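Report on the following structure.
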Amino acid sequence: MTKETKQDRARSKRFAGQQDDEQVILVERQHPVVMRRQLIFGLIILPVVMLPWAYATGNGYDWVLYTYWLLLVGILVLSFYWLRTWVGWYYSVYVLSNTRLMIVKQHGFFGRAVNELALSNIQNVNYKIRGAQASMLGFGDVTVETLSGSKPLRLKFVHKPAKMQQAILEVVRRTT
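Going by my numbering, the first residue of the sequence shown is number 871, and it counts up by one from there.
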């Protein structure tokens, strides 16, 4: 039994708007570290929401029932906030096919932005890893420059950016 690689799984994927002769080479998400701010914010807010509940239950006040509701609402709002963040991360992907590079960015539950660049327009691909956290966790930014000289396309928080850069360059070499 052979081990299926990430690229093999990517080749079997299909997406909306995919052309008949188009083959998916690589599908990548941003590194999960992009969700750190929302996680830290939630972990700071949770004790603030729990404070009235803990105070009321510890002292036996009459408004304990209200604090239960406040705690429940706070946890539900926080869960919704984290779910929205996770959905945005999960459905935001970088898709490399044999004809184009696509950036699909999910904004909340219902917003989505898609940028695409034909491989024939790619002139140069660079990557940059900034800081200790990025070095330790293995993420960085990949910059794709175009022949038209327009603003470069930036893939942010890419896990293993050198691998992504090499994959893009390899596909560009094969298509030209």
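Yeah, the Cβ is synthetic: ideal placement off N, Cα and C, and Gly gets one too. Small disclaimer: the values here were computed from a predicted structure and weren't measured.
In summary, Gly981 is exposed, with fewer than 16 beta-carbon neighbours lying within 10 Å of its beta-carbon over all protein chains present.
According to DSSP, Ile973 shares a beta bridge with Tyr964, Asn985.
For Leu989 against Val918, the beta-carbon gap comes to about 49 Å, at or over 8 Å, which does not count as contact.
Ile973 and Trp939 have their alpha carbons spaced roughly 41 Å apart. Of the candidates Val1028, Phe885, Arg1043, Ala983, the residue whose Cα lies closest to the Cα of Val894 is Phe885. The residue among Gly1019, Arg1043, Arg899, Asn985 with its C-alpha nearest the C-alpha of Trp956 is Arg899. In the three-state reduction of the DSSP assignment, Thr1013 falls in the strand class, which pools E and B. In the DSSP assignment, Val894 falls within the beta strand (DSSP E) that extends over 894-899. The straight-line gap separating the alpha-carbon atoms of Lys998 and Gly944 is approximately 39 Å. A distance below 6 Å between beta-carbons, with the five flanking residues on each side excluded, links Asn994 to the following residues of its chain, in chain order: Glu1015.
In this structure, the beta-carbon distance from Thr969 to Thr1046 does not fall below 9 Å. The alpha-carbon separation between Ala1004 and Gln1035 amounts to approximately 16 Å. Here Lys1030 carries a coil assignment [DSSP, helix/strand/coil]. Of the residues Leu921, Leu966, Leu909, the one whose Cα lies closest to the Cα of Ile1038 is Leu966. Beta-bridge partners assigned by DSSP to Tyr997: Val1012.
Beta-bridge annotation (DSSP): Leu1025 is paired with Val1012. Sixteen is the threshold: when 16 or more other Cβ atoms of the shown chains lie within 10 Å of the Cβ of Tyr964, as they do, the residue is buried. In the same chain as Ile992, and ignoring 5 residues on each side of it, the C-beta atoms closer than 8 Å to its own belong to Leu971, Val1014, Glu1015, Thr1016, Leu1017, Ile1038, Val1042, in chain order.
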